[in-house]
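Just so we're aligned, residue 868 is where the sequence shown starts under our numbering, counting upward by one. Note that the Cβ used here is the ideal one computed from N, Cα and C, for glycine as well.
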Amino acid sequence: MNDIMPPSEGLLDQLLPFPREWLLSDPQKAEKALNELSIEDQARCFMMYSGKDRQNLLLLSHNPYGLMQVLPDEEIYYTVKEIGPEDAYPMLSVLSTAQVQFFFDMEWWGGDKFLPERAWQWFELMDHGNDNHLLEWFKSEEFEQKIMFLQAFVKVFKRDEATDQYEGVGEKPPWTPDGVYDLFFIKEDTSGLFKRIFIQLYNEDAEIFRALMEGIIWYPITPTVEKAYQWRLSRTADRGLPDFEEAFTVYSKLNVGSLNENPPAPEDFEAEPGRQTLAPTFPLFEADPASFFGQCLSQMKDVNRFDAICWELVMLANKVIVADRLDLGSVEARRSTLKKVLGYINIGLELGAGGDIGRGEKLLSRTWMQSLFQVGYAGVMQLKWDVEALLKDHGPLVKQVAGPVIEEHLAAMIDRFPRIGVHRVAPEEEALLDEEMESEVPEIHWRDLESVEDLQRLQFLHSRVQFRARFVNMVLGLSIKDIEALSAKSRYPTALVDLDVICLTLTALAHYAMFGQVVCEPLSEEAANSFLQVIFLPSPIPGDERALNADILEPFRNRLEEMPLAWTDDDREELGRLMKEVEETLYQQFGGLPAGQSVEWHFTRGLCIQ
868 MNDIMPPSEG
878 LLDQLLPFPR
888 EWLLSDPQKA
898 EKALNELSIE
908 DQARCFMMYS
918 GKDRQNLLLL
928 SHNPYGLMQV
938 LPDEEIYYTV
948 KEIGPEDAYP
958 MLSVLSTAQV
968 QFFFDMEWWG
978 GDKFLPERAW
988 QWFELMDHGN
998 DNHLLEWFKS
1008 EEFEQKIMFL
1018 QAFVKVFKRD
1028 EATDQYEGVG
1038 EKPPWTPDGV
1048 YDLFFIKEDT
1058 SGLFKRIFIQ
1068 LYNEDAEIFR
1078 ALMEGIIWYP
1088 ITPTVEKAYQ
1098 WRLSRTADRG
1108 LPDFEEAFTV
1118 YSKLNVGSLN
1128 ENPPAPEDFE
1138 AEPGRQTLAP
1148 TFPLFEADPA
1158 SFFGQCLSQM
1168 KDVNRFDAIC
1178 WELVMLANKV
1188 IVADRLDLGS
1198 VEARRSTLKK
1208 VLGYINIGLE
1218 LGAGGDIGRG
1228 EKLLSRTWMQ
1238 SLFQVGYAGV
1248 MQLKWDVEAL
1258 LKDHGPLVKQ
1268 VAGPVIEEHL
1278 AAMIDRFPRI
1288 GVHRVAPEEE
1298 ALLDEEMESE
1308 VPEIHWRDLE
1318 SVEDLQRLQF
1328 LHSRVQFRAR
1338 FVNMVLGLSI
1348 KDIEALSAKS
1358 RYPTALVDLD
1368 VICLTLTALA
1378 HYAMFGQVVC
1388 EPLSEEAANS
1398 FLQVIFLPSP
1408 IPGDERALNA
1418 DILEPFRNRL
1428 EEMPLAWTDD
1438 DREELGRLMK
1448 EVEETLYQQF
1458 GGLPAGQSVE
1468 WHFTRGLCIQ
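Okay, structure coming up:
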């Protein structure tokens, strides 16, 4: 249990009672080896596989029903969704009635709204899986839910000797299984299945059949749906599926010092009274073994706590899906939610443990996953609020000095849930985007924050943008209106967006070099050419790269630091980075030009030319 699932192929070979390739290459040998195991160990083998391999293994078991009862319902549901329901009939065929109900609870509702079309889809799927499922479900489950479902598809009238005319059914002929109740099917394509079920139900338990018919006639629709939803909540609340208001409390902020201890044990997660199952493993399919959480979990020796963590992850992801108003039945929504949950837990755990894996393992062993999630959430939201405050104080100026690439990053940082931008380096790799990257970088992928490194990266970006907005405003003395006026007076650059912090600082450097003043005004072409002559030193060897004149750059930086900014050490570090970018721009734009050659300014960027 010390490796994060899903296990590697090597680990599978060690733990399975047969070589994993036997499942397809020699199923008879695999069947014999599998059925020598206890049902619990068969279930453990099941969870070492994924997708259709799980179903193939189920088909080899001599007790598939017993195997399904040892598996967690959430794991079965996730596997069916992963395979695709139409390809998972062998799994659906051996569900218990309670498990059928669990599928209905997951699929029939969008928030507090009943979804008839999807309900019918799963009604049919369960019948295709096992034609006895629906009959048993009608016999055993809560009454309002059955009435709600039937009222969406069937109209029922009690026969009256005085008339055989009914309102709202058009010219359709009635159908009756007992000569007492006339039934009309709202959608003709549902009639075949309903007729078969009603005949079976009437023959096996006429009392239930009559109760259903009377309920369809007399139960008011809206209160019935509301009652069915309340019953559904009572069944699902313990699985992390409460109503929206309760689920939304998962987004409460928690500081590191308030982490809750005394976490639950695996036996606290009974699927139903008296039925104990293995812990689910699918939440860890989205976990990164190299993450701080993954490394801490791999150190855990307490198997019971490991199992409880898996249960907690399922419950927590369910709450987040409800709180985010996502589709419970969407595999992609569940995967993305699990990634977010694991990411926030990873952040909260690393913050709580101070980056120490040993402390992190101890914290995992005694802390609720929801508490770690809330610590991570608090850290992420603090970043969002810091960026919002920056935009409130310096909004237009921030957008101007940051440029379009960073502006896009800032917009992602103030989303409902802040996101970070990465770009693909290779199919399985990604690199974080930063402000040095150009706008033409392809395939930016925005994702939720997953680590303290992500958080620090964006905090660093926030600090840099904040400094540059203050620098332009207080050191260069420019407001957004001043920059717009400067653009109007400049022939180059032609676009306002190009007057970013690099262009403004480089223009101020040129004025300082030529006139001894730190100002931002357009340069004449003669002054700009003269600046390039003095800022680049002559190359001792013709054709070699020319060095920049430190006798100009260093005094310029010193002059900047004399300006009223209440300079801190962090500010001085940021100024150093800014000056480095200014120097790089000089080299890129003008370093390759032969000394004394006239410049075609419309092909360059970095200086304001009048």
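- With a contact defined as Cβ atoms closer than 8 Å, Val1247 and Leu1205 miss out at about 17 Å.
- Taking the Cα of Phe1061 as reference, the smallest distance to any Cα among Val1242, Leu1002, Arg1102, Leu1328 is reached at Leu1002.
- DSSP, reduced to helix, strand and coil, places Lys1025 within a strand of the structure shown.
- The distance from the Cβ of Ser905 to that of Gln936 is about 13 Å, inconsistent with a contact at the 8 Å cut-off.
- Between Val1092 and Phe981, the C-beta spacing is below 8 Å.
- Taking C-beta separations shorter than 8 Å and ignoring five residues to either side along the sequence, the partners of Ala986 in its chain run Phe971, Glu974, Trp975, Phe1016, Ala1019, following chain order.
- Asn1185 and Arg1102 do not touch by the CB rule: their CB atoms are close to 13 Å apart, not below 8 Å.
- Exposed is the label assigned to Val1401, since fewer than 16 other Cβ atoms lie within 10 Å of its Cβ.
- Unbroken beta strand (DSSP E) runs of no fewer than 3 residues, entirely contained in the region 1025-1106, are found at 1048-1052, following chain order.
- Three or more beta-carbon pairs separated by less than 8 Å link the region 1107-1114 to the region 1185-1196, which places the two stretches in contact.
- Here Lys1022 is near Phe1051, since their CB atoms are less than 8 Å apart.
- Its Cα nearest to that of Val1036, the residue Lys1054 stands out among Val1364, Lys1054, Pro1044.
- In this structure Tyr916 is buried. Its beta-carbon is surrounded by 16 or more other beta-carbon atoms within 10 angstroms.
- Contact between the region 1247-1266 and the region 1157-1164 is absent: fewer than three C-beta pairs spanning the two stretches fall below 8 Å.
- Leaving aside the five residues that flank Gly1288 on each side, the residues in its chain whose CB is nearer than 8 Å to its CB run, in chain order, Glu1275, His1276, Ala1279, Leu1299, Leu1300, Ile1311, His1312, Trp1313.
- Counting other Cβ atoms within 10 Å of its Cβ, Met1341 stays below 16 and is therefore classed as exposed.
- Secondary structure of Lys980 (DSSP, three-state): strand.
- In terms of Cα proximity to Gln922, the closest of Lys896, Leu891, Val1449, Glu903 is Leu891.
- Inside the region 1170-1223, DSSP marks whole alpha helix (DSSP H) runs of 4 or more residues at positions 1170-1190, 1198-1220, from first to last along the chain.
- As the crow flies, the alpha-carbon of Arg1439 is around 49 Å from that of Ala1175.
- For Leu938 against Leu1145, the beta-carbon gap comes to about 6 Å, under 8 Å, which counts as contact.
- Partner residues in the beta bridge of Leu1415, as assigned by DSSP, are Phe1403.
- Ile1350 and Thr1435 have their alpha carbons spaced roughly 26 Å apart.
- When beta bridges are read from the DSSP output, Arg1142 appears opposite Glu1139.
- Exclusion of the five residues before and after Leu1322 leaves Ile1214, Gly1246, Val1247, Leu1250, Leu1316 as the residues of its chain whose Cβ lies within less than 8 Å of its Cβ.
- In the structure shown, Leu1390 adopts extended strand secondary structure according to DSSP, grouped into three states.
- Annotation: the region 869-951 contains the following complete segments of the alpha helix (DSSP H) (minimum length 4 residues), in chain order: 876-882, 889-892, 894-901, 906-915, 919-927, 931-937, 940-950.
- Burial check for Phe1382: the Cβ neighbour count within 10 Å stays below 16, so the residue is exposed.
- Look at Ile1476 here: in three-state DSSP terms it is strand.
- As the crow flies, the alpha-carbon of Gln1384 is around 9 Å from that of Ala1377.
- Pro1087 sits exposed, since fewer than 16 C-beta atoms from the chains shown fall within 10 Å of its C-beta.
- In terms of CA proximity to Leu1151, Glu942 leads the group Met958, Glu942, Ala965, Gln1464.
- Cβ neighbours of Met1182 within its own chain (closer than 6 Å, five residues either side excluded): Gly1107.
- Apart from the 5 residues on each side of it in sequence, Phe1423 sits with its Cβ closer than 6 Å to the Cβ of Leu1376, Tyr1379 in its chain, given in chain order.
- Counting of Cβ neighbours within 10 angstroms places Asp940 among the buried residues, the total reaching 16 or more.
- Below 8 Å, enough C-beta pairs join the region 1223-1232 and the region 1158-1173 to call them touching: three or more.
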